[in-house]
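**Student:** One gets the numbering used here by counting positions in the sequence shown from 1 and adding 5 to each.
We treat Cβ as the ideally placed atom computed from N, Cα and C, and that holds for glycine.
Note that the structure is a prediction, hence the values are computed from the model and not measured.
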Amino acid sequence: PITKVSLELQPDPELPGVRIEATVKTTGQTGVEMEALTAVSVAALTVYDMVKAVDKGMVISDIRLALKDGGKSGRYEAE
């Protein structure tokens, strides 16, 4: 079972844009990285929908797994 899902959206003036980070935790033995990636994707699509009237040329990019800890495959941290 999933025990925690949180999203953090931070404006990034260098882009300009928004950085979106999801945290998903479980007590189960299976990984929840797909749930985290889905959460970020849906959040990005929601932001796009809310601001498309201002800029239809927005780009959603660089969605990736940053950290996975536990499970059968152990720890993974992106460089």
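(1) For Gly76, which residues in the same chain have their Cβ closer than 6 Å to its Cβ, ignoring the five residues on either side in sequence?
(2) What would DSSP say about Leu20, mapped onto helix, strand or coil?
(3) Can you tell which of Val59, Thr32, Ile65 has the C-alpha that lies nearest to the C-alpha of Asp74?
(4) Less than 8 Å between C-beta atoms, sequence neighbours within five positions excluded: which residues of the same chain meet that for Thr8?
(5) Might you give, ordered along the chain, the residues of its own chain that have their beta carbon closer than 6 Å to the beta carbon of Ala41, omitting 5 neighbours on each side?
(6) Taking all protein chains shown into account, decide if Val64 is buried (16 or more other Cβ within 10 angstroms of its Cβ) or exposed.
(7) Tell me whether the beta-carbon of Val47 lies closer than 8 Å to the beta-carbon of Ile68.
(8) For Leu72, which beta-bridge partners are listed by DSSP?
**Tutor:** The relevant details are as follows:
(1) The sequence position of residue 76 within the sequence shown is 71, counting from 1. Only Gly36 meet the Cβ criterion.
(2) For the purposes of this step, residue 20 is taken as the residue at position 15 of the sequence shown. The DSSP-derived three-state label of Leu20 is coil.
(3) Stepping through the sequence shown from its first residue, residue 74 is reached at position 69. Checked all of Val59, Thr32, Ile65; the closest Cα to Asp74 is Thr32.
(4) For this step, residue 8 is matched to residue 3 along the sequence shown. Excluding sequence neighbours, Thr8 sits near Lys30, Thr31, Thr32.
(5) If you number the sequence shown from 1, residue 41 lands on position 36. Around Ala41: Ala27, Val29.
(6) For the purposes of this step, residue 64 is identified with residue 59 of the sequence shown, where counting begins at 1. Burial call: exposed.
(7) For the purposes of this step, residue 47 is identified with residue 42 of the sequence shown, where counting begins at 1. For the purposes of this step, residue 68 is identified with residue 63 of the sequence shown, where counting begins at 1. No, they are not a contact pair.
(8) Within the sequence shown, numbered from 1, the residue matching residue 72 stands at position 67. Beta-bridge pairing links Leu72 to Glu82.
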